[in-house]
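Chemist: In our numbering, the protein residues as written are 1 to 724. Ideal Cβ placement from N, Cα and C applies to all residues, glycine included. This is the structure I have questions about; it appears just below.
And the structure:
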């Protein structure tokens with residue numbers, strides 16, 4: 001009996017070996033028809049890997065013999081073992097095969113489940129179709145992730161919340177883990193993604209994780225898959241058939257039960273657990289963390305692996321380790337400004353230190369591609385051994401050049417100079433060069449040099465301000481246009497006729513008469529006559545008194561109406577008719593505090609500020625939180641600007657006041673009429689910084705006669721009224 005039993009086992013083994021050889025020969029023959037380089041040994045290894053059991057090998061061979069097109073047709077009508085064999089063959093380098101895909105999502109997944117007419121789908125799609133009412137949260141229409149002890153369905157969110165948190169073997173953080181099939185350790189979702197094997201993407205060529213495969217088995221990364229995938233379901237909002245960001249019956253719940261594309265889908269708005277603002281949620285709440293908005297999610301507080309500080313940054317940007325924004329900005333600035341030898345040149349290092357010390361490094365990172373001043377600085381430092389004003393002048397007058405110049409001056413790299421005066425002289429020289437006639441060039445040069453620029457009055461700090469500089473430019477351009485007017489008519493200044501002059505003065509005579517009058521005073525335009533000067537008219541616009549004082553009350557008392565700077569500037573315009581060019585140039589030296597109150601020097605005599613205006617002005621200056629102005633601000637300016645060491649631009653302040661409903665010219669007219677009607681001209685002229693003649697004119701506009709003020713005051717003092 002023992003001999004018979006051994007003989008039967010030997011015969012069964014021989015039959016199994018023969019059957020395996022036949023199966024190997026059949027499968028090898030089918031693969032050789034697609035790829036001539038296939039060998040029986042490689043096919044045998046694949047079959048041993050995918051179908052080690054006799055039943056699996058038989059099912060594989062039987063299906064391939066009955067349906068040999070399965071190797072190239074793709075699709076999903078095949079047993080699981082056939083799909084796994086084709087996946088393994090493509091991964092082994094066998095060509096001519098087409099990767100099977102899920103009947104619903106088309107991805108190369110393990111086709112475990114049956115769906116529809118003998119088609120097979122992956123586990124992800126199967127779980128999407130398997131929906132029920134969660135026994136924990138009560139949400140309906142969500143897929144079943146697991147079941148509780150009573151067998152009731154549990155959705156994925158409740159399942160993940162119920163899982164105990166463990167220490168991840170990769171990042172050592174307390175997370176919900178999944179066990180690795182390679183080493184049996186638990187890893188969080190982020191570490192699993194980092195540990196996933198990679199292949200070169202067949203579309204972009206980068207070595208990335210495989211998200212899908214092409215019809216020929218080529219790998220497709222996540223980015224290329226998102227760009228190339230097409231939609232099959234129409235969006236319920238816009239009606240476009242595009243890839244969906246949320247499905248009505250999918251794993252991403254929208255709360256509305258709709259199919260929504262990326263353009264129509266919006267995250268829900270809830271209170272952020274970090275900043276407290278009601279914003280769209282970027283990270284939904286869990287049992288251990290609150291809802292987090294996009295701003296707080298993108299900028300968490302980390303323990304920087306470089307400087308060790310507890311600051312805003314990224315969790316995994318430096319070899320998978322946390323990195324604060326300050327260190328990121330420093331590294332990027334150093335790489336940009338460093339020379340070929342890796343060192344930062346003298347003169348550039350001072351600017352680098354200021355930028356590194358800024359309190360808002362995240363702003364530098366977010367606007368890196370738009371910071372032209374840094375790029376210009378790096379370019380000039382590489383091309384020249386020493387920086388100068390002339391190098392910057394050659395770059396034009398754009399904003400980035402002015403910002404960089406202010407930065408270099410504030411750090412001591414370049415000497416300080418009157419920029420408005422310098423730019424005015426450059427502008428005048430350029431305009432003069434545009435004149436073709438040499439005689440006209442000479443005439444315009446004398447006018448510009450000795451009448452326009454020489455008579456331009458500097459401000460209290462001995463410099464030209466933006467308003468005076470712009471007015472001078474307008475006068476120069478108007479003179480140039482007059483000379484062009486004569487050239488077009490075939491005339492010169494010396495043979496100009498009365499008809500030529502009258503045609504020029506027919507429109508806007510107030511501004512067009514200045515240059516001809518100068519020509520007439522200096523011996524040009526012989527025999528011609530100019531019209532008499534027109535007396536200055538009164539103010540054309542003014543505010544209604546009720547509206548004017550309503551604005552004053554709002555600026556003085558409503559803390560939410562505007563910033564402290566804008567409220568203080570608005571009050572100086574509405575109450576004391578101050579021009580913005582003068583307001584922005586106020587310094588701490590103009591402010592005096594003593595026992596009597598707060599005094600602000602606007603003219604020859606200091607002005608006592610009433611409350612609560614005194615509190616607004618004494619709270620100035622407000623430190624700027626942006627850019628180099630935060631570290632290089634000149635503390636003397638009451639209204640510091642965005643440029644290092646400079647005060648605010650009056651045009652910028654005008655734009656903000658206009659948004660508050662305050663028109664500068666109209667508000668100044670109203671304030672000046674009120675002062676002229678209530679205060680003698682000689683008094684308010686010395687307080688607000690205008691001439692007595694101008695104050696007298698305004699008194700005439702207001703209808704006030706102060707000529708008897710001194711006599712009435714003397715009589716009232718000498719003869720006081722008697723008590724009745």
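Nearest to residue 240 by CA position, among 551, 90, 263, is which residue?
Modeler: Within the chain shown, residue 240 is the residue found at index 240, counting from 1. When each option's Cα is compared against that of residue 240, the closest is 263.
Chemist: With DSSP as the reference, identify every bridge partner of residue 199, one or two as the case may be.
Modeler: Locating residue 199 in the chain shown gives position 199, where the first residue counts as 1. According to DSSP, which records beta bridges pairwise, residue 199 is partnered with 208.
Chemist: Quick one: what's residue 261 bridged to in DSSP?
Modeler: Against the chain shown, residue 261 aligns to sequence position 261. Paired residues: 244.
Chemist: Answer yes or no: do residue 282 and residue 260 have a C-beta to C-beta separation smaller than 8 Å?
Modeler: The sequence position of residue 282 within the chain shown is 282, counting from 1. The sequence position of residue 260 within the chain shown is 260, counting from 1. Not closer than 8 Å, so no.
Chemist: Going straight from the alpha carbon of residue 290 to that of residue 273, what length do you get?
Modeler: As a position in the chain shown, residue 290 is number 290, starting the count at 1. As a position in the chain shown, residue 273 is number 273, starting the count at 1. Straight-line Cα distance between these residues: approximately 5 Å.
Chemist: Only counting the same chain, and skipping five residues up and downstream in sequence, which positions put a Cβ closer than 7 Å to that of residue 46?
Modeler: Taking the first residue of the chain shown as position 1, residue 46 is located at position 46. Within the same chain, residue 46 has close Cβ partners 85, 88, 89, 92.
Chemist: Where do the N-terminal and C-terminal ends of the alpha helix (DSSP H) with residue 323 fall, by residue?
Modeler: Locating residue 323 in the chain shown gives position 323, where the first residue counts as 1. From DSSP, residue 323 is part of no alpha helix (DSSP H) but of the beta strand (DSSP E) over 321-324.
Chemist: Name the one or two DSSP bridge partners that residue 187 has.
Modeler: Within the chain shown, residue 187 is the residue found at index 187, counting from 1. Note: residue 187 sits in a beta bridge opposite 178.
Chemist: May I have the straight-line CA-CA distance separating residue 612 from residue 575, to the nearest angstrom?
Modeler: Taking the chain shown and counting its residues from 1, the one referred to as residue 612 is at position 612. Taking the chain shown and counting its residues from 1, the one referred to as residue 575 is at position 575. Roughly 13 Å between the two C-alpha positions.
Chemist: Tell me the DSSP secondary structure of residue 280 in three-state form.
Modeler: Start at 1 with the first residue of the chain shown, and residue 280 comes out as number 280. The answer is strand: DSSP assigns residue 280 an E or B state.
Chemist: With respect to the alpha helix (DSSP H) encompassing residue 302, which residues constitute its N-terminal and C-terminal limits?
Modeler: Walking along the chain shown from the start, residue 302 turns up at place 302. It is not in any alpha helix (DSSP H) - residue 302 instead sits in the beta strand (DSSP E) that spans 301-303.
Chemist: Start and end of the alpha helix (DSSP H) containing residue 119?
Modeler: In the chain shown, residue 119 corresponds to position 119, counting from 1. Residue 119 -> not in any alpha helix (DSSP H); beta strand (DSSP E) instead, spanning 119-121.
Chemist: Quick one: which unbroken beta strand (DSSP E) runs of 3-plus residues sit fully inside the stretch 347-393? Chain order, please.
Modeler: Listed in chain order, nothing qualifies, since the stretch 347-393 has no complete beta strand (DSSP E) run of 3 or more residues.
Chemist: Identify every run of the beta strand (DSSP E) within the stretch 97-152, keeping only runs that are complete inside it and at least 3 residues long; order them along the chain.
Modeler: Within the stretch 97-152, the complete beta strand (DSSP E) runs of at least 3 residues are 113-115, 119-121.
Chemist: Which residue marks the beginning of the alpha helix (DSSP H) containing residue 84, and which one marks its end?
Modeler: Here residue 84 corresponds to residue number 84 of the chain shown, with the count starting at 1. Element bounds for residue 84: 80-91.
Chemist: What alpha helix (DSSP H) runs, 4 residues minimum, are completely inside the stretch 544-613?
Modeler: As far as the stretch 544-613 is concerned, its whole alpha helix (DSSP H) runs of at least 4 residues are 545-557, 564-576, 580-583.
Chemist: Starting from residue 269 and walking both ways along the beta strand (DSSP E), at which residues does that stretch end?
Modeler: By 1-based counting over the chain shown, the position of residue 269 is 269. 269-271 is the span of the beta strand (DSSP E), which, as asked, contains residue 269.
Chemist: So for residue 292, helix, strand or coil by DSSP?
Modeler: Looking up residue 292 in the chain shown gives position 292. Residue 292 falls in the strand class under three-state DSSP.
Chemist: According to DSSP, is residue 166 part of a helix, a strand, or is it coil?
Modeler: By one-based count along the chain shown, residue 166 stands at place 166. In this structure, residue 166 counts as strand in the three-state DSSP scheme.
Chemist: When you compare only the Cα positions, how much space is there between residue 286 and residue 174?
Modeler: Taking the chain shown and counting its residues from 1, the one referred to as residue 286 is at position 286. Taking the chain shown and counting its residues from 1, the one referred to as residue 174 is at position 174. Each residue's Cα considered, the two are about 13 Å apart.
Chemist: Consult DSSP for residue 154 and reduce its assignment to one of helix, strand or coil.
Modeler: The count along the chain shown starts at 1 and reaches residue 154 at position 154. Note: residue 154 maps to strand in three-state DSSP.
Chemist: Determine the direct distance from the alpha carbon of residue 430 to that of residue 453, and round the result to whole angstroms.
Modeler: In the chain shown, counting from the first residue as 1, residue 453 sits at position 453. In the chain shown, counting from the first residue as 1, residue 430 sits at position 430. Straight-line Cα distance between these residues: approximately 14 Å.
Chemist: What does the alpha-carbon distance come out to for the pair residue 333 and residue 304?
Modeler: Counting from 1 along the chain shown, the entry for residue 333 is found at position 333. Counting from 1 along the chain shown, the entry for residue 304 is found at position 304. One C-alpha to the other measures close to 18 Å.
Chemist: Given a cut-off of 8 Å, decide if residue 144 and residue 162 are closer than it, judged by their beta-carbon atoms.
Modeler: Taking the first residue of the chain shown as position 1, residue 162 is located at position 162. Taking the first residue of the chain shown as position 1, residue 144 is located at position 144. Against a cut-off of 8 Å, the Cβ pair of residue 144 and residue 162 comes out as no contact.
Chemist: Does the stretch 433-448 come close enough to the stretch 669-680 that 3 or more CB-CB pairs lie under 8 Å?
Modeler: Touching, no, given that fewer than three Cβ pairs across the two stretches are closer than 8 Å.
Chemist: Could you give the distance in angstroms between the alpha-carbon of residue 543 and the alpha-carbon of residue 606?
Modeler: For this step, residue 543 is matched to residue 543 along the chain shown. For this step, residue 606 is matched to residue 606 along the chain shown. Their backbone Cα atoms lie some 27 Å apart in a straight line.
Chemist: Between which two residues does the alpha helix (DSSP H) harbouring residue 481 extend?
Modeler: Taking the first residue of the chain shown as 1, we reach residue 481 at position 481. Start and end: 466-488.
Chemist: Tell me the rounded alpha-carbon separation between residue 8 and residue 95.
Modeler: For the purposes of this step, residue 8 is identified with residue 8 of the chain shown, where counting begins at 1. For the purposes of this step, residue 95 is identified with residue 95 of the chain shown, where counting begins at 1. Approximately 42 Å, taken between the alpha carbons.
Chemist: Can you list, in chain order, the residues of its chain with a C-beta nearer than 6 Å to that of residue 113? Leave out the 5 residues immediately preceding and following it.
Modeler: Counting from one through the chain shown, the residue named residue 113 turns up at place 113. The answer, listed in chain order, is 121, 126.
Chemist: Is the beta carbon of residue 581 less than 8 Å from the beta carbon of residue 428?
Modeler: Indexing the chain shown from 1 puts residue 581 at position 581. Indexing the chain shown from 1 puts residue 428 at position 428. Their beta carbons are not under 8 Å apart, which means residue 581 does not touch residue 428 by this criterion.
Chemist: Would residue 646 and residue 406 qualify as a contact pair, given that the criterion is a beta-carbon distance under 8 Å?
Modeler: Translated into positions along the chain shown, residue 646 becomes position 646. Translated into positions along the chain shown, residue 406 becomes position 406. Result yes, Cβ atoms of residue 646 and residue 406 sit closer than 8 Å.
Chemist: Relative to the C-alpha of residue 413, which candidate in 496, 392, 594 has its C-alpha closest?
Modeler: Residue numbering aside, residue 413 sits at position 413 when the chain shown is read from its first letter. For residue 413, the nearest C-alpha among the options comes from 392.
Chemist: Excluding the five sequence neighbours on either side, which residues of its own chain have a C-beta within less than 7 Å of the C-beta of residue 416, listed in chain order?
Modeler: As a working note, residue 416 is residue 416 in the chain shown. If we look at residue 416 and ignore the five residues flanking it on each side, its Cβ neighbours are 409.
Chemist: Is there contact between the stretch 219-231 and the stretch 189-203, where contact requires at least three CB pairs shorter than 8 Å?
Modeler: Yes, the stretch 219-231 is in contact with the stretch 189-203.
Chemist: In chain order, what residues of the same chain have a beta carbon less than 8 Å from the beta carbon of residue 72, not counting five sequence neighbours either side?
Modeler: By 1-based counting over the chain shown, the position of residue 72 is 72. The answer, listed in chain order, is 34, 96, 97, 98.
Chemist: Between which residues of its own chain and residue 672 is the CB-CB distance below 6 Å, once the five residues before and five after are set aside?
Modeler: Numbered from 1 along the chain shown, position 672 holds the residue referred to as residue 672. Around residue 672: 577, 698.
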